[in-house]
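Residue numbers (my numbering): 17 to 527.
See below for the structure under consideration.
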């Protein structure tokens, strides 16, 4: 019997084929200019050829640091088209944080936008990179992108990759304070998008708007890559401005958008919301935190459907969906598993639990990461021998099979859609001379979903204010990781083993 050859699901091959199929259609609109698929594909071929000429080989890492920009996507597709691995960097991180990630990934070539050259210049001597490229304008020791791609032979065809080959390394903060790089394969991205296509809503959309950061898996792969995969039009914003988002929804007739609930809240609170033309919107997709009931009502009053998904960087990102038809009756639920994926809740002995029983949420699906870069032990801890990824989230299924999340094993705080790990923040705060003991927790916040909260037992006789704390930690932590609240206590609640009981702190301070 003749074997059917498997298709090439590589990201680079996908976008170049899409460009050949629909060359005349708009691919990306950015700051008033629209790039059609033909030109987009040609730019990717030129950059891929230049990267190859510069010595980037299969498996090498190419990184981008900066705000949302078409060059981010061009770099992703160009790198993967030659079999290299793309590493998106969080532009909110400090120099020391970026230094660790860049060197841990072993980045060969780094592209940086104008706003972030200074942070790299300050640590350049400690970095492993061979090439530094200015994504926007050349200056000083920075090679301009246009000069880099000039006089090179454009890539003729994407290098074939296997589904299990790594396409992206996306760093997520670890509970030990050191970030871990989740290795997402070409197959992970493909199957995530298959699940999204066969989900309860149309996540691709004819015209999607991306204002969430592309360095986040949500900003990158909830609507952006899916939209380009389907030949859709992506309206890309450098950053999130609620007024500009409302204006561009009307201007480009946007049909879908992904964002954290805080983003949609800021849009609803904008003076122009009531009069904005939102008639083109088919569905808005929330992620990163549950949808508050008040936010749901605000958009329902405008005739707009919302849905939400639960996911992680390690699941590329979809683990479950809650379609718009259930968002009212199942408010607070993370939804149901996708068509090609399984979710279960287990006890500490890895035994599946019945409906209503709380345990750790585990995911097994073709979109689950290959593992953590350079972290074999962390990979073994996260993915068991049966292929189940242990999320560290605590949840349960109701009788109808809908997943609910009720806590996090790892005590992660989600603020404005950003993941903050208390251990990382605590390690910095402990250096403050006025702090004898500190525990970082998340408390409910109407604006941000959760507020990073420092609970401190001060050194006897010492004084400490929130402003002091934020100023002290500001040079070592990204702004979104800095405490928004400070509570001083005489002692910490502990269990018999001496471990601080953070759930008791949350209960005490949330009353």
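C-beta atoms are modelled at their ideal positions from N, C-alpha and C, and glycine is treated no differently.
Bridge partners - residue 549, DSSP secondary structure assignment: Residue 549 is absent from the model: the chain starts at 17 and stops at 527.
Please classify residue 20 as buried or exposed, where buried requires at least 16 other C-beta atoms within 10 Å of its C-beta. exposed
Within the continuous beta strand (DSSP E) that includes residue 187, where are the two ends? 182-188
Nearest-angstrom Cβ-Cβ length linking residue 495 and residue 469, presumed shorter than 8 Å: Contact doesn't hold; Cβ gap of about 16 Å is too wide.
Count the other CB atoms, across all protein chains shown, that sit within 10 Å of the CB of residue 107; report buried if there are 16 or more and exposed otherwise. buried
Which value, in whole angstroms, describes the spacing of the CA atoms of residue 105 and residue 131? 14 Å
Beta strand (DSSP E) runs contained entirely in the region 370-417, provided each spans 3 or more residues: 375-380, 405-413
Write down the C-beta distance between residue 351 and residue 418 rounded to the nearest angstrom, noting that I regard them as a contact closer than 8 Å. 6 Å
Rounded to a whole number of angstroms, what is the C-alpha to C-alpha distance between residue 235 and residue 22? 29 Å
Pull up the distance between the alpha-carbon of residue 305 and that of residue 241, whole angstroms please. 22 Å
Status (buried if at least 16 other CB within 10 Å, exposed otherwise) for residue 520: exposed
Sort out for me which residues DSSP pairs residue 337 with in a bridge. 325, 352
Take every Cβ of the region 91-100, pair it with every Cβ of the region 165-182, and state whether three or more of those distances are shorter than 8 Å. yes
For residue 86, the three-state DSSP class (helix, strand or coil): helix
Tell me whether residue 464 sits in a helix, a strand or coil according to DSSP, three-state version. coil
Give the C-beta separation of residue 83 and residue 255 to the nearest angstrom, bearing in mind that I take them to be a contact with Cβ-Cβ under 8 Å. 6 Å
With a threshold of 16 other CB atoms inside 10 Å of the CB of residue 164, please say whether the residue is buried or exposed. buried
Option nearest residue 452 by Cα separation, candidates 428, 478, 462, 461: 478
Distance, residue 201 Cα to residue 75 Cα: 12 Å
Cβ contact (3+ pairs, closer than 8 Å) linking the region 386-397 and the region 351-367: no
List the endpoints of the continuous alpha helix (DSSP H) containing residue 438. 438-445
Residue 205 and residue 237: beta carbons closer than 8 Å? yes
In terms of alpha-carbon separation, which member of 114, 56, 499, 120 lies closest to residue 244? 56
Over what stretch of residues does the beta strand (DSSP E) that includes residue 80 continue unbroken? 77-81
With distances taken from CA atoms, which of 78, 126, 37, 525 is nearest residue 7? Coverage of the chain is limited to positions 17 through 527, which leaves residue 7 absent and any answer about it impossible.
Locate the beta strand (DSSP E) running through residue 52, then write down its first and last residues. 49-52
Judging by CA-CA distance, which residue of 441, 489, 432 is the nearest neighbour of residue 461? 432
6 Å Cβ shell around residue 111 - same chain, five flanking residues per side excluded: 135, 138, 139
DSSP three-state assignment for residue 256, whether helix, strand or coil: coil
Using three-state DSSP, classify residue 502 as helix, strand or coil. strand
Using DSSP's beta-bridge definition, name the partner residues of residue 360. 378
To the nearest angstrom, how far is it from the Cα of residue 66 to the Cα of residue 365? 52 Å
For residue 200, write down the residues that DSSP places opposite it in a beta bridge. 184
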